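Undergrad: In our numbering, the protein residues as written are 1 to 1096. The beta-carbon is built from N, C-alpha and C at its ideal position, and this holds for glycine as well. Since this is a predicted model, take the numbers as computed values, not measurements. So that we are looking at the same thing, I have put the structure below in structure tokens.
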Amino acid sequence: MRKFGIRCFLILIACFACAPDSGEDNLFELLSSDDTGIDFRNDLTSSDSLNIIEYLYFYNGGGVALGDVNNDGLVDIYFTSNQGENKLYLNKGDLQFEDITAKAGVDGGGGWSTGVTMADVNGDGLLDIYVCQVGDYKGLQGKNRLYINNGDLTFSEKAAEYGIDFEGFSTHAVFFDYDQDGDLDLYLLNHSIKKPEVFSHADTKFTSQDEKGGDKLFRSRVAQGEEIMEDVTLEAGILSSSLGFGLGVGIADVNQDGWLDIYVSNDFTEDDYLYINQGDGTFVESLQEYIAHTSRYSMGNDLADINQDGLPDIFTTDMLPEDPEIWMKSVGEDKQEVFDVKKRLGYGDQYVRNHLQLNRGNGKFSDIALLTNTFATDWSWSPLIFDMDNDGLVDIHVTNGIVKRPNDLDFIQYSQEPSPGLSEKEIQQKQVDMLPSMKLPNYTFRQKAHLDFENISDSWGLAHASYSNGSAYADLDNDGDLDLVINNLDQEAFIYKNLSTEKSENRYFQVELKGDQKNTFGIGAQVWVFAGDKVWQQTLSTSRGFQSGGSTLLTFGLGQLEKIDSVLVSWSAKKTENFGSFSTASKEVMEKGKGQTTILPKKSISKSVLSKADVLLDWKHEENTEFDEFRREYLMPRRYGTEGPALAVGDMNGDGLDDIFLGGAKGQAASVYFQQTDGSFKKRENPFFEQLKTAEDVVAVLADLNGDGFPDLYIGSGGNEYKSGEIFNFDRVFLNDGQGNFTFSMNSLPPIGENTSSVAVHDVNGDGFPDLFVTSSVVTGSYGLSPKSYLLLNDGKGRFREMTAEYFGDDFTAGMLQQAIWADLTRNGKKELVLVGEWSPIRVFEQDDKGKFKEIWEEELSTSAGWYTASMIWEEGDQLSVLLGNLGLNSKLKASSEKPVWLYLKDFDNNGQLDPLIFHYMGSYLVPFASRDDLIRQIPEIKRKHTDYLNYSKLKSPEGLYDNQTLQGADTLPFYNQRSGSIVIGPKGSMDFEAFPIEAQFSPIRDFVRFTNSQGREFLLAVGNFYGFRNDLGKAAAQPMTLMEKSENGWSSMPLSIIGSEYWGQYRAIEKISLNGAPYLIAVRNDDRPVFFKIH
């Protein structure tokens, strides 16, 4: 058997304390062992035969399980130890505990114990204890142990009798009734020890089996009268290959069908698993159907409702540091080329950070960890989602820390250097000694308001430095709030007393379930608490976080609420009961069969204003994926070669019906579809489109350009592949004969050839003919430079001259523009030109009496710079607003007026290519966003300036990377605002920015459409998502559409009742269209099919 250790980790990477403030305001009190009687420590001693070099999971630590083992109403505690004895502590009341391990006979038998969970395995009404161990490796001889509760504070070990005395590499286990036959089955989470198979195809998981490290599913026969479990791994569809490095497992009904599903966190290259329960004894692994991307090194997980919509969400931990110094010297994202290789081999998108997957209730999850700022908690293990202060909003606690940090980049580099004269053992010891050690506090995120979190570890008294691993919560002292227990390495376990009940008037509600048959505690049941328009949901599971699990008593924090309208319990897919109303600050027992039968509650949306329409249009955008911009410009933050397709809607043949133009990617001919009288569409071939298909169509506008009364077609080219002025960058004009036959007008446009991003039509000189302002997004090969955006004047016959200098001046530079719009913002009867783009403030140009344009409101808009990708005018009565589609808040980049993100642009190494260096604030330090490795690839001389990662990690400003003299001459561009929203223009020129609702900040917005429904209500639909960011920024896939409505109280978002798989994607444009006289919308997606929506 091959070693699983640091060497494997190094190969993989090469390929690709202080205590908290003490004070009376602390919400939690760390109790001493003298107070509690709990002096458990998980002490580890490294040896030359067993250490982190030999076994990478050497410092993963132990778990903790909480449960009432003697049914006296007090929660007891069981800790696992790696090299010492496991311990069971009996709760004597008043947070006093007695060590009863020896009497109980549950010390683990000297094995290397990992995870632990409590469950009533044999259905006798007593909690049993199941302990996972590592065995048959490096002298470790442990097997998993099942301690059956005898009812007299003693236990009998019966794992072999039940057939679950697994010997191998177990991490954790979860008991639940997956087949709903009335007893508890077992999912056993294991981990491989082989070298992560980076270059094996992902489909290997479906064909290979790893008996020691692959996951297992055992079906209980207890309900059938046999105290045994049978291995049903293969027949149930559970993957059990050596690709899996399972570190976390959780259960919940993610798709609202009443059957419990399974989420597995996998370390290293393998994707996480989301097993959807089919209700017939089998599961289907469906991660990529539901989830766009996951943590790269997934550790523990928790499944719980984070936003009070009644649906379980998913939190996974990783090891991204928050501290800039640790961040800059630690392993980060895969290099872009390695990331691309993994994609080709079938792996999903993975990023080195925590993920908070919001369940949308439509078959999709949206990761919002970046938006909630819960994405970076260092080397993290156990996430727990629970209401820590009983205010009615759940919070997040994350344990972290590792004794030796194998992701330190200097260690990875220098540990592989030759060591002549040293033996293998001496080399190994040298490597161990090189590994840095650092204790850090755990993280506590309080949810202040809807999805608004703050790190409050210190002020809540939870910031003690430690190497913490497993954790669990329970009401240890029966006062109505949840206490916290943490298993640490090399120090005593933490027992935190929650003081919420004492220090606040927040109320709680506790539910004790009583099941029937052999699931006596109702494990796996779902509970909903309803009060007014609010809902709280929990699933009873005794396995959560990392290698740990909480008690069987559910506690709901309810704030100041005094009355509950109803409590629903779903015992199974076919059995849901309503137990009626209750007063809060109480504990209630709910027994199966004693409630009123009702239906399974599901998140439902009343009839939406939009529904997906089945309109047959045989067209799909086919992106040119062979061209990779990052190979040419390694540090540019995003692609510009995926800006299509282009869309234009209008009556092109004069029959009174809306027709559709769809612009293709490079190598894909554009298409025109004419609407028929029955609402269907028929494509008309055009030889010019075929001849010019090498150009990439990103913008399309219909306008009567030659004054003959027929809409002509302007197509803007982009793609960021061809240099400025090259023929396939030329925009194109097609003149319409009135029948929808478009002829290429070769001489209509001057040969400019930029990467066009938008075209704004307006009669600038008052001659009655439409003129054009054309914006450009990027200079090919020189990200950050301002490309040429320009004004085209129409001679009335559809021929245009460039007149930019004449109207805007010789020194006019507009920036990296994404959109131009004409609007009378000053209300002087003349339209101003509004320009928005990236690294640029909103710019407004007013036309003077001589027809020249001058910029206005520069001071007022000076700090408005963002990454804008869409704009629109919203007029309502006397109020005029500029709507802005921006990057959104769900990004690693964090911009504000106080701490902007900066772009430094210069050819720093004088090699003829501009180097775009992005700096962002981490705390008070303005540091490079790119890793040292990526900077060196772009600018090799940085390796000499910053000889190692430790030196690089000390940077605190751009002047630390380069001296002031070198930085002189660099163009510096800030952006201050990343929120999408609207700027309200007052009658006297006042300006107020109003951010869109939080849901509109999940992803970048690329376009807007305003429409009116059948009741006369006006809505705004924003479309977006963008998958073309560099790997270190990650795919933005959280929110393809946001439906909003404006009222006196501002913008509010509204749910869409559409199945996610039917409309998810990355949108580029949306337009209104009439089909058979009825109002619809058509939206186009990059590398996908158009989508139609009916307006109700």
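Once you ignore the five residues that flank Phe206 on each side, which residues in its own chain have a CB closer than 6 Å to its CB?
TA: none
Undergrad: What are the complete beta strand (DSSP E) segments, minimum 3 residues, inside the stretch 602 to 673?
TA: For the stretch 602 to 673, whole beta strand (DSSP E) runs of length 3 or above, ordered along the chain, are 610 to 613, 646 to 650 and 659 to 663.
Undergrad: Would you tell me roughly how many angstroms separate the C-alpha atoms of Leu320 and Asp378, rounded to the nearest one?
TA: 5 Å
Undergrad: If we count Cβ pairs, one from each stretch, closer than 8 Å, do we get three or more for the stretch 497 to 514 versus the stretch 560 to 570?
TA: Segment contact: the stretch 497 to 514 against the stretch 560 to 570, three or more CB-CB distances shorter than 8 Å; contact assigned.
Undergrad: Can you name, in chain order, every residue of its own chain whose Cβ lies under 7 Å from the Cβ of Gln96, other than the five neighbours on each side?
TA: Thr36 and Gly37
Undergrad: Please go through the same chain and pick out, in chain order, the residues whose beta-carbon is closer than 8 Å to the beta-carbon of Leu616, but skip the five residues on each side of it.
TA: Ser680 and Phe681
Undergrad: According to DSSP, is Tyr1080 helix, strand or coil?
TA: In the structure shown, Tyr1080 sits in a strand (DSSP, three-state: E or B).
Undergrad: As a quick exercise: from Gln429, Arg405 and Ser423, pick the residue whose alpha carbon is nearest that of Met438.
TA: Arg405
Undergrad: Comparing C-alpha positions only, which one of Asp99, His397 and Asn354 sits nearest to Phe40?
TA: Asp99
Undergrad: Name, in chain order, the residues that DSSP records as bridge partners for Ser330.
TA: Asp408
Undergrad: So is Gly328 buried or exposed if we call it buried at 16+ other beta carbons inside 10 Å?
TA: Note that residue 328 is Met in the sequence shown, not Gly. Per the 10 Å Cβ criterion, buried.
Undergrad: With DSSP as the reference, please indicate the residues paired to Tyr714 in a beta bridge.
TA: Val701 and Val733
Undergrad: Compute the distance between the beta-carbons of Ser242 and Gly214, then report whether it is under 9 Å.
TA: yes
Undergrad: Here's the rule I'm using: 16 or more other beta-carbon atoms within 10 Å means buried, otherwise exposed. How should Pro420 be labelled?
TA: exposed
Undergrad: Quick check on this structure: which residue in Arg221, Leu217 and Gly244 has the alpha carbon closest to the alpha carbon of Asp231?
TA: Leu217
Undergrad: Looking at the secondary structure, which residues open and close the alpha helix (DSSP H) in which Met434 lies?
TA: Taken as a continuous stretch (DSSP letters only), the alpha helix (DSSP H) holding Met434 covers Glu424 to Met434.
Undergrad: So what does DSSP say about Lys448, is it helix, strand or coil?
TA: For Lys448, the three-state secondary structure derived from DSSP is strand.
Undergrad: Hey, Asp1101 and Gly93: beta-carbon distance below 9 Å or not?
TA: Shown here, the chain extends from 1 to 1096; a query on residue 1101 therefore has no answer.
Undergrad: Roughly how many whole angstroms lie between the Cα atoms of Asn487 and Ser466?
TA: 10 Å
Undergrad: Look at the Cβ atom of Gln447, then the Cβ atom of Asp395, and state whether they are nearer than 9 Å.
TA: yes
Undergrad: Starting from Pro928, follow its DSSP beta bridges and name the residues at the other end.
TA: Phe919
Undergrad: Select from Gly524, Lys575, Glu588 and Gly829 the residue whose C-alpha is nearest the C-alpha of Gln596.
TA: Lys575
Undergrad: Considering only the alpha carbon of each residue, which of Pro770, Phe730 and Ile821 lies closest to Lys788?
TA: Phe730
Undergrad: Check for me: the alpha helix (DSSP H) holding Pro958 runs from which residue to which?
TA: Pro958 to Leu961
Undergrad: Given a threshold of 16 other Cβ atoms within 10 Å of its Cβ, counted over all protein chains shown, does Asp177 qualify as buried or as exposed?
TA: buried
Undergrad: In three-state DSSP terms, what is Pro383?
TA: For Pro383, the three-state secondary structure derived from DSSP is strand.
Undergrad: Distance check for Gln818 and Val779, CA to CA, integer angstroms please.
TA: 13 Å
Undergrad: Under the three-state reduction of DSSP, which class applies to Asn373: helix, strand or coil?
TA: The answer is coil: DSSP assigns Asn373 none of H, G, I, E or B.
Undergrad: Express the C-alpha separation of Leu393 and Phe1097 in angstroms, rounding to a whole number.
TA: Lying outside 1 to 1096, the shown extent of the chain, residue 1097 is not represented and no answer is given.
Undergrad: Per DSSP, what kind of secondary structure is Lys158 in: helix, strand or coil?
TA: coil
Undergrad: Give me the residue from Thr399, Gln431, Ile936 and Gly401 with the minimum Cα distance to Tyr414.
TA: Gln431
Undergrad: Between His293 and the rest of its own chain, which residues show a CB-CB distance below 8 Å, the 5 nearest in sequence each way excluded?
TA: Gly348, Asp349, Gln350, Tyr351, His355, Asp367, Gly1034, Lys1035 and Ala1037
Undergrad: Closer than 6 Å by C-beta to Asn732: which residues in its own chain qualify, once you throw out the five before and the five after it? Chain order, please.
TA: The question names Asn, but residue 732 in the sequence shown is Arg. Taken in chain order, the residues that qualify are Ile715.
Undergrad: For the alpha helix (DSSP H) containing Phe688, list its first residue and its last residue.
TA: Pro687 to Gln691
Undergrad: On the criterion of 16 or more Cβ atoms from any shown chain inside 10 Å, does Leu422 qualify as buried, or is it exposed?
TA: exposed
Undergrad: Just tell me which of Gln428, Gly557 and Lys364 has its CA closest to the CA of Leu1056.
TA: Lys364
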